[in-house]
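**Student:** Could you have a look at this structure, given as structure tokens, before my questions?
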Amino acid sequence: MIVRMWEAKAEPYGFADLITWVCETALPEFEHDPLHLSSEVFSSTDHRLVVISKWRNTPRALPDPPPTLVARAPHSWDFTQVDR
Numbered sequence: 003m004i005v006r007m008w009e010a011k012a013e014p015y016g017f018a019d020l021i022t023w024v025c026e027t028a029l030p031e032f033e034h035d036p037l038h039l040s041s042e043v044f045s046s047t048d049h050r051l052v053v054i055s056k057w058r059n060t061p062r063a064l065p066d067p068p069p070t071l072v073a074r075a076p077h078s079w080d081f082t083q084v085d086r
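Residue numbers (our numbering): 3 to 86.
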């Protein structure tokens, strides 16, 4: 399993719209993908939004958000579970 963490810093005035865009536009684009297992969305008080998506393999990237909603380009990282 691969876990992708996607993080975006929203413009303060665009935070609610960024959440709506992620939940209603971006995530539905790949939730039907058979490699997709699940996704969770988290927000912070400093206008950051994080999406944690779990994949069987080969994660798909979230589309780029509308540039007026973000203070900078989003970042993403892939992780695999550590056996301990």
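All C-beta atoms, glycine included, are put in the ideal place defined by N, C-alpha and C.
Between S41 and S55, which are expected to be in contact by the criterion C-beta below 8 Å, what is the C-beta distance as a whole number of angstroms?
**Tutor:** 4 Å between Cβ atoms; contact.
**Student:** In whole angstroms, give me the CA-to-CA distance for D80 and M3.
**Tutor:** Distance between the alpha carbons of D80 and M3: 10 Å.
**Student:** At a cut of 8 Å, does the segment 69-76 reach the segment 29-38 through at least three beta carbon pairs?
**Tutor:** Flag = no, the segment 69-76 and the segment 29-38 do not touch.
**Student:** Between the C-alpha atoms of N59 and H34, what's the straight-line distance to the nearest angstrom?
**Tutor:** Their Cα atoms are separated by approximately 15 Å.
**Student:** Less than 8 Å between the beta carbons of A10 and P67, yes or no?
**Tutor:** Yes, the pair counts as a contact, with Cβ atoms nearer than the cut-off.
**Student:** I need the DSSP call for V84, collapsed to helix, strand or coil.
**Tutor:** Residue state, collapsed to three classes: coil.
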